[in-house]
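Notes follow the structure.
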Amino acid sequence: MGLVDSDTLPLNVSREMLQQHSSLKTIKKKLIRKALDMIRRIAEEDPDESNDKDKKDVEESTDNDEKKGQYAKFWNEFGKSIKLGIIEDAANRNRLAKLLRFESTKSDSKLTSLDQYIKRMKPGQKDIFYITGTNKEQLEKSPFLERLAKKNYEVIFFTDPVDEYLMQYLMDYEDKKFQNVSKEGLKLVKDSKDKELKESFKELTKWWKGTLASENVDDVKISNRLANSPCVVVTSKYGWSANMERIMQSQTLSDASKQAYMRGKRVLEINPRHPIIKELRDRVVKDPEDESVKQTGQLMYQTALMESGFILSDPKDFASHIYNSVKTSLDISPDAVVEEEDDAEEAEAESETEEAASTHKTEADAETETETETEPSDFKDEL
């Protein structure tokens with residue numbers, strides 16, 4: 004509890020006049036700032052949030068043990084409120100951003116702050132990298148992190164649904180812009196062979212774009228974020244991410260037709276060093292009209308969609324491509340049909356059913372006749 008004393012409030016304390024008084028706006032502003040300063044001090048005093056300073060003596064160690072985890076507990080209870088504050092309160096957005104905590108690829112399962120992230124940034128890194136999803140374990144395996152992890156870049160994990168809305172308002176922090184690694188615009192150190200690779204795979208990218216013309220694919224290009232995966236699907240810079248699409252589709256009153264313009268165009272990025280991509284390029288150069296090659300390209304795109312976190316619009320078509328691929332690997336003709344059920348077995352089953360029904364009917368008729376014969380004799384006995 005606290006008490007605010009002010010000499011500037013009017014003597015007439017009617018609600019209509021008091022609510023519009025300028026002093027109340029000043030008091031509200033000061034109270035919010037004081038509360039945020041208090042929370043910030045708690046965060047700074049938490050040993051887990053400090054800059055790993057050496058403990059000088061046993062007494063300091065005991066004090067740290069008492070304070071340890073205080074802000075972590077606060078964050079677990081009120082973290083979502085801090086995020087909502089960033090969305091709604093533009094005036095205090097930067098102050099609230101200092102209170103944000105999250106896990107990252109270098110936080111060792113502990114909470115870390117944006118200030119600590121910036122201190123760990125690599126020389127020449129201009130953006131704060133982050134990725135959104137349902138949980139940390141899933142995000143750690145994401146193909147979007149392959150090249151970043153290989154080059155030792157730190158990536159923030161945002162796993163709360165409200166984080167998608169948060170990042171629409173929190174554009175930058177300390178002159179560092181935020182970059183979703185699952186969207187277009189990821190800038191890393193350029194490879195000297197980029198132009199050469201782009202020219203080498205020009206025919207494949209052009210063919211693939213035409214093959215996926217009906218799939219809302221805006222472009223097919225060489226990727227700078229893949230290391231082990233053959234391909235991945237990214238969204239436009241200002242469109243929804245795959246995670247945001249899932250969130251919006253789960254809304255009770257969601258309307259797919261109204262959401263279409265927000266999804267943005269998708270871009271298929273390919274890994275030019277992957278053996279599958281190299282083989283596909285060679286086959287396209289040899290015969291771009293080969294139906295088996297087209298099916299392979301379609302299957303790879305659908306697989307990349309799933310791995311990138313998107314929901315397939317036609318799961319039946321994807322399953323059909325998988326089954327055809329299995330047939331090919333087992334040397335089964337793609338035109339092989341499912342064996343029809345034996346008509347003799349069907350006829351025998353129908354005959355058994357009819358016979359059982361006939362037997363049941365005969366037994367029922369016999370019981371009815373017996374009851375009819377016994378009724379007159381019973382009546383005579385009663386007389």
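Residue numbers for the sequence shown follow my numbering, so the first one is 4 and each next one is one higher. Cβ coordinates follow ideal geometry from the N, Cα and C atoms, glycine included.
Scanning Lys330, Gln298, Glu357 for the CA closest to the CA of Thr214 turns up Gln298.
Taking each of Leu27, Leu87, Val158 in turn and checking the Cα distance to Asp111, the smallest one comes out for Val158.
Between the stretch 273 to 281 and the stretch 116 to 135, the count of C-beta pairs closer than 8 Å stays below three; the two stretches do not touch.
Per the coordinates, the alpha-carbon of Lys144 lies some 23 Å from the alpha-carbon of Ser316. Within the same chain, Cβ atoms closer than 7 Å to the Cβ of Val288 are found at Glu206, the five residues on either side in sequence being excluded.
With contacts defined as CB atoms closer than 7 Å, Leu271 and Cys234 qualify as a contacting pair. DSSP places Arg36 inside the alpha helix (DSSP H), whose first and last residues are 25 to 48. Under the criterion of beta carbons closer than 8 Å, Asn227 and Leu191 qualify as touching, at roughly 5 Å. In the three-state reduction of the DSSP assignment, Asp111 falls in the coil class. The C-beta distance from Gly136 to Asn246 rounds to 5 Å, short enough to meet the 8 Å contact threshold. Pro337 counts as exposed, since fewer than 16 other beta carbons sit within 10 angstroms of its beta carbon.
For the pair Ser239 and Ser185, the CB atoms are not nearer than the 7 Å cut-off.
In the structure shown, the three-state DSSP call for Glu218 is helix.
Shortest Cα-Cα distance from Ser323 to any of Gln301, Leu333, Gly5 involves Gln301.
For Phe132, DSSP records a beta bridge to Gln182.
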